[in-house]
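Remarks on the structure that follows.
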Amino acid sequence: MNLNFPHPLMAPVIELALKAGEAILPFWRVNVAVTAKSDDSPVTAADMAAHHVILAGLTALDPSIPVLSEEDANIPQSVRAGWQRWWLVDPLDGTKEFISGSEEFTVNIALIEQGRVVFGVVSMPTNGRFYVGGAGMGAWRADKGAEPLPIQVREVPAAGEAFTVVASRRHSSPEQERLLAGLSDSLGELQLANIGSSLKFCLLAEGAADCYPRLAPTSQWDTAAAQGVLEGAGGEVLDLNGEPFCYPARESLLNEFFLALPAKAAWREKLLALARN
22 MNLNFPHPLM APVIELALKA GEAILPFWRV NVAVTAKSDD SPVTAADMAA
72 HHVILAGLTA LDPSIPVLSE EDANIPQSVR AGWQRWWLVD PLDGTKEFIS
122 GSEEFTVNIA LIEQGRVVFG VVSMPTNGRF YVGGAGMGAW RADKGAEPLP
172 IQVREVPAAG EAFTVVASRR HSSPEQERLL AGLSDSLGEL QLANIGSSLK
222 FCLLAEGAAD CYPRLAPTSQ WDTAAAQGVL EGAGGEVLDL NGEPFCYPAR
272 ESLLNEFFLA LPAKAAWREK LLALARN
């Protein structure tokens with residue numbers, strides 16, 4: 022990889038995310054055992070294999086930076102409150118997609134400082150594609166064996182293209198359905214792009230979609246890495262008050278509702294008003 026990334030930890034974390042993907046693949050599309058965690062979300066041997074690769078790799082990179090992983094999240098808030106800098110990791114995002122045999126699952130690794138994303142890496146184990154980016158640093162996408170290319174959000178759809186909203190194939194809510202109806206009334210007929218895992222953010226980051234509203238539950242490790250990619254590509258993630266989305270060391274690791282969009286979108290305030298209502 023010849024590109025000199027703007028943060029010294031970006032390149033080694035990309036390599037680590039790809040290595041974690043290699044640990045996942047032997048379990049893909051085989052009859053892997055599935056168990057349920059305390060919140061009823063599924064976990065497999067693939068999740069744990071990727072977790073162990075990432076934990077060992079991040080610890081080797083810098084043992085002073087703690088790791089909060091979905092597969093090792095029982096760290097007391099009293100401990101996390103003292104962290105100034107940490108890794109936020111989802112070793113296998115989109116476990117339900119993985120179990121179903123879909124390719125739409127990812128490895129997510131984000132570096133957090135003072136509750137804000139510094140940069141994030143999202144990789145796709147099945148094809149070796151990765152995305153990387155951070156606010157003020159830029160964002161890139163690379164396919165397996167190719168050099169990374171810069172990516173950028175689009176402020177408006179290309180001529181003849183519909184306004185495209187990214188939606189979850191598996192998770193929605195009455196609030197989200199009302200928001201989509203309001204957007205359609207304001208902006209015309211919408212095209213919905215359904216895709217699994219953190220790839221929703223990546224569609225925005227590479228200019229293939231316009232908006233990703235999420236008025237349904239997510240956890241911190243579901244969003245942080247891809248938020249870094251989107252912010253590096255000229256996008257932003259906001260809470261419903263219009264404030265930048267962040268990751269404080271609070272007791273609950275569940276996210277508030279959020280809106281992901283191009284930072285210079287002319288329809289930003291309309292989206293916020295619809296979301297609040």
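Numbering (this note's numbering), first residue to last: 22 to 298.
The C-beta atom is built at its ideal place from N, Cα and C for all residues, glycine as well.
Exclusion of the five residues before and after C232 leaves V186, L282 as the residues of its chain whose Cβ lies within less than 6 Å of its Cβ. E125 sits close to E118, with the two beta carbons spaced by under 7 Å.
Put simply, the backbone Cα of A296 is about 25 Å away from that of E272. Under the 8 Å Cβ criterion, the region 137 to 151 counts as touching the region 29 to 43, having at least three qualifying pairs. Nearest to I130 by C-alpha distance, out of I75, G122, F184, A163, is I75. Bounds of the alpha helix (DSSP H) holding Q98 are 98 to 101. Counting every other CB atom within 10 Å of its CB across the protein chains shown gives T56 a total below 16, marking it as exposed.
P112 is not a Cβ neighbour of L82, given a cutoff of 7 Å. Between the C-alpha atoms of G122 and S193 there is a straight-line separation of about 22 Å. A Cβ-Cβ separation of about 6 Å places V110 in contact with V88 under the 8 Å criterion.
Scanning the region 246 to 271 for uninterrupted alpha helix (DSSP H) segments of 4 residues or longer gives nothing; none is fully contained.
When beta bridges are read from the DSSP output, N215 appears opposite A188. V138 has its alpha-carbon roughly 30 Å from the corresponding atom of A179.
Exclusion of the five residues before and after I45 leaves A67, A70, A71, L113, P146 as the residues of its chain whose Cβ lies within less than 7 Å of its Cβ. Taken atom to atom, the span from the alpha-carbon of P27 to that of G217 is near 29 Å.
Under DSSP, P63 takes part in a beta bridge, and its partners are A57.
According to the DSSP assignment, D111 belongs to the beta strand (DSSP E) that extends over 106 to 114. Excluding residues up to 5 positions away in sequence, L213, N215 lie with their Cβ nearer than 6 Å to the Cβ of A188 in the same chain.
By the Cβ-count criterion, N276 is buried, with 16 or more other Cβ atoms from all chains shown falling within 10 Å of its own Cβ.
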